[in-house]
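Undergrad:
Protein chains: 2
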Amino acid sequence: MKKGKRISDAVIRRLPKYYRYLGDLISSDINRISSSELSKLTGFTASQIRQDLNNFGGFGQQGYGYDTKRLHVEIGKILGLDKKYKVIIVGAGNIGQAIANYAGFYEEGFEVLALFDKNPKLIGLKIRDIEIKDVDDLAAFIKRNEVEFGVICTPKETSQDMADILTENGIKALWNFAPLDIKVPEHVSIEDVRLNESLYTLTYYYSRNNENTEE
Amino acid sequence: MKKGKRISDAVIRRLPKYYRYLGDLISSDINRISSSELSKLTGFTASQIRQDLNNFGGFGQQGYGYDTKRLHVEIGKILGLDKKYKVIIVGAGNIGQAIANYAGFYEEGFEVLALFDKNPKLIGLKIRDIEIKDVDDLAAFIKRNEVEFGVICTPKETSQDMADILTENGIKALWNFAPLDIKVPEHVSIEDVRLNESLYTLTYYYSRNNENTEE
DNA sequence: TAGATTGTTAATCGATTAACAATC
DNA sequence: TAGATTGTTAATCGATTAACAATC
Chain A
80 MKKGKRISDA VIRRLPKYYR YLGDLISSDI NRISSSELSK LTGFTASQIR
130 QDLNNFGGFG QQGYGYDTKR LHVEIGKILG LDKKYKVIIV GAGNIGQAIA
180 NYAGFYEEGF EVLALFDKNP KLIGLKIRDI EIKDVDDLAA FIKRNEVEFG
230 VICTPKETSQ DMADILTENG IKALWNFAPL DIKVPEHVSI EDVRLNESLY
280 TLTYYYSRNN ENTEE
Chain B
80 MKKGKRISDA VIRRLPKYYR YLGDLISSDI NRISSSELSK LTGFTASQIR
130 QDLNNFGGFG QQGYGYDTKR LHVEIGKILG LDKKYKVIIV GAGNIGQAIA
180 NYAGFYEEGF EVLALFDKNP KLIGLKIRDI EIKDVDDLAA FIKRNEVEFG
230 VICTPKETSQ DMADILTENG IKALWNFAPL DIKVPEHVSI EDVRLNESLY
280 TLTYYYSRNN ENTEE
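Chains as they are written, first to last, in this note's numbering: chain A, 80 to 294; chain B, 80 to 294.
#1: Could you check the C-alpha separation between asparagine 288/B and threonine 282/B for me, to the nearest Å?
#2: Give me the chain A residues within the contact set of leucine 217/B, using Cβ-Cβ distance strictly less than 8 angstroms, ordered along the chain.
#3: Suppose contacts are defined by Cβ-Cβ distances below 8 angstroms. Is valine 166/A in contact with cysteine 232/A by that definition?
#4: Let's test the definition: count the other Cβ atoms within 10 Å of the Cβ of proline 234/A and tell me whether it reaches 16, buried, or not, exposed.
#5: Would you mind stating whether lysine 251/A and valine 267/A have Cβ atoms separated by less than 8 angstroms?
#6: Name, please, each residue of chain B whose Cβ falls closer than 8 angstroms to the Cβ of glycine 183/A.
#7: What does the Cβ neighbour count give for glutamine 140/A, buried or exposed, with the cut at 16 atoms within 10 Å?
#8: Using a Cβ cut-off of 7 angstroms, pull out every chain A residue sitting near threonine 280/B, in sequence order please.
#9: Beta-carbon of asparagine 289/B versus every beta-carbon of chain A: anything under 8 angstroms?
#10: Under the three-state reduction of DSSP, which class applies to tyrosine 284/B: helix, strand or coil?
#11: Using a beta-carbon distance below 8 angstroms, is glutamine 141/B in contact with chain A?
#12: Taking the C-alpha atoms as reference points, what is the distance between glycine 122/A and tyrosine 97/A?
#13: Output the distance between the C-alpha atoms of isoleucine 244/A and leucine 217/A, rounded to the nearest integer angstrom.
#14: Compute the Euclidean distance between the alpha carbons of isoleucine 178/B and glutamate 153/B, then round it to the nearest angstrom.
#15: On the DSSP letters alone, give me the boundaries of the alpha helix (DSSP H) that alanine 242/A sits inside.
#16: Note down, one range per segment and in chain order, each beta strand (DSSP E) of at least 3 residues found wholly within the stretch 111-199 of chain B.
#17: Starting from isoleucine 109/A, find everything on chain B with Cβ-Cβ shorter than 8 angstroms and list it in chain order.
#18: Using a C-beta to C-beta distance shorter than 8 angstroms, which residues of chain B count as neighbours of isoleucine 157/A?
#19: Hey, could you find the ends of the beta strand (DSSP E) aspartate 103/B is sitting in?
#20: Can you give me the Cβ contacts of alanine 171/A inside the same chain, cut-off strictly under 6 angstroms, excluding the 5 residues immediately before and after it?
#21: Starting from the beta carbon of lysine 251/A, find every residue of chain B whose beta carbon is closer than 8 angstroms, and list them in chain order.
#22: Can you look up aspartate 208/B in the DSSP assignment and give me helix, strand or coil?
#23: Using a Cβ cut-off of 8 angstroms, which residues of the stretch 151-175 of chain A contact any Cβ in chain B, in chain order?
#24: Apply the 10 Å Cβ neighbour rule to proline 95/B and answer buried if 16 or more other Cβ atoms are within range, or exposed otherwise.
#25: Using a threshold of 8 angstroms, state whether the C-beta atoms of glycine 183/B and lysine 222/B are closer than that.
#26: Under a three-way DSSP split, which group does isoleucine 269/B fall into?
#27: Quick check on alanine 257/A: buried or exposed, where buried means 16 or more other Cβ atoms within 10 Å of its Cβ?
#28: Spell out the partners DSSP gives asparagine 255/B in its beta bridges.
#29: The stretch 218-242 of chain A: which residues have C-beta closer than 7 angstroms to a C-beta of chain B, in chain order?
#30: Comparing the C-beta of alanine 177/B with each C-beta of chain A, is any distance below 8 angstroms?
#31: On a CA-only basis, which of Ile174/A, Lys163/A, Asp103/A and Leu150/A is nearest valine 272/A? Give me that one, please.
#32: Can a CB atom of chain B be found closer than 8 angstroms to the CB of arginine 85/A?
#33: Let me see if you follow: with CB-CB separation under 8 angstroms, is asparagine 180/B close to chain A or not?
#34: Against tyrosine 145/A, what residues of chain B qualify as contacts under a CB-to-CB distance less than 9 angstroms, listed in chain order?
#35: Report buried or exposed for alanine 89/B, applying the criterion of at least 16 other Cβ atoms within 10 angstroms of its Cβ.
What follows is the structure, given as structure tokens:
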């Protein structure tokens with residue numbers, strides 16, 4: 080990729096959508112697409128799509144468009160999806176289990192080594208062959224297995240403590256489902272999934288759409 | 080609120096964060112806060128916070144700041160959280176169950192009337208006193224109960240069909256967890272929770288942070 | 001070659017930040 | 001009153017869109 084230019088978060092967050100549609104196109108045996116066709120699929124403008132992609136290199140060809148397979152591979156590389164990741168999930172409630180169960184997670188190279196919980200009723204159970212372990216063994220397990228990715232699915236109250244244990248033992252990326260802003264050291268990447276905030280945004284637009292029709 | 084001004088999506092998506100921190104402050108018996116203190120909590124600039132709030136009215140007081148309780152109530156109203164909503168969840172897998180189980184959902188006025196699934200093993204079971212019903216009864220149930228909100232937790236393949244049934248029977252807001260862009264009629268509000276896209280953004284930043292240290 | 005479509009620069013638009021008068 | 005902090009206008013910054021030359 081080009082040196083020196085800072086790429087904005089807005090651009091990065093559009094890449095996974097390109098990646099997904101390109102995957103769909105490949106599944107449909109379509110091996111070529113123009114920025115204007117991709118615009119119709121994604122809802123982004125053709126100009127924006129070309130701008131976005133050219134942050135990382137010239138993947139297209141004048142007069143032709145983009146090769147879907149090549150572009151899918153390239154965006155995958157940019158997003159880091161060409162590598163395998165060792166993952167643990169902390170909190171084996173519904174959300175933790177949902178993630179452990181999600182097949183797409185494996186297909187993109189995320190290998191869930193274990194779930195952790197403090198509930199004795201859950202410890203020892205298996206989700207998709209993945210054992211639920213005692214949260215007391217967390218630190219040792221991370222070090223021993225050189226785990227890189229952690230998913231936080233614990234309640235709000237304990238999530239920061241769990242995150243601290245994870246980062247202190249070498250985890251470098253956290254995917255957080257607890258409804259709070261987790262603090263991490265500078266070298267650790269974090270992505271907060273803000274379900275509450277997503278829901279409240281929906282109620283806002285719903286209320287706005289229906290404010291004249293309510294009795 | 081002020082008439083005529085179009086409020087950007089970026090502003091709306093910051094409101095839930097204010098709302099959350101204000102709730103925390105109230106729980107800590109703090110009843111006053113300035114934009115600069117709120118800035119430290121949220122990470123947004125004080126100027127931006129004042130701008131955001133003034134889109135909806137002058138909730139503060141010069142020389143004093145904002146009354147946490149009042150601001151919490153006002154933002155709640157803006158987001159539509161002062162009302163109750165009748166909700167159904169389609170798909171009673173892990174994610175559907177997680178949402179049905181999430182207590183915060185009820186506290187903010189979301190009443191889950193039922194879950195729906197096509198799996199006979201799940202039909203008839205209860206999650207937190209909420210029955211899992213046969214997806215065949217979906218249309219009739221929505222009409223009979225005047226359900227307003229639908230949560231889509233079905234697999235990618237069936238999600239658009241489910242969404243169509245919901246909107247055809249009068250549901251006006253969809254919270255979608257399936258990894259695709261669901262199409263809805265204009266008058267329906269939709270919020271897609273894009274977990275894949277969130278995860279891939281994390282891998283991007285993780286890869287970027289660690290690209291020099293990898294062997 | 002002619003047509004199509006990219007890559008890229010320039011123009012526009014909108015969002016964020018800064019500044020400060022108003023006022024509690 | 002003096003100090004603090006909002007509400008709001010103006011300035012800046014960044015992101016999106018438009019335009020078109022390059023080129024396959």
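From the three backbone atoms N, C-alpha and C, an ideal C-beta is built for every residue, glycine too.
TA: Concretely, from the data shown:
#1: 10 angstroms
#2: Those within 8 angstroms of leucine 217/B in chain A number zero; the least Cβ separation is about 20 angstroms.
#3: no
#4: exposed
#5: yes
#6: Pro258 and Asn275
#7: exposed
#8: Ile91, Arg92, Pro95 and Glu270
#9: yes
#10: helix
#11: no
#12: 11 angstroms
#13: 8 angstroms
#14: 26 angstroms
#15: 235-247
#16: 144-146, 164-169 and 189-196
#17: None at all; the shortest Cβ gap to chain B is about 17 angstroms.
#18: Tyr283
#19: Note, aspartate 103/B: premise wrong, no beta strand (DSSP E); alpha helix (DSSP H) at 88-106.
#20: Leu194, Asp196, Leu201 and Ile211
#21: Tyr285, Asn288 and Asn289
#22: coil
#23: Ile157, Leu158, Gly159, Leu160, Lys162, Tyr164, Gly172, Asn173 and Ile174
#24: buried
#25: no
#26: strand
#27: buried
#28: Ile231/B and Asp271/B
#29: none
#30: yes
#31: Ile174/A
#32: no
#33: yes
#34: What tyrosine 145/A touches in chain B: nothing, since even the nearest Cβ is about 19 angstroms away.
#35: exposed
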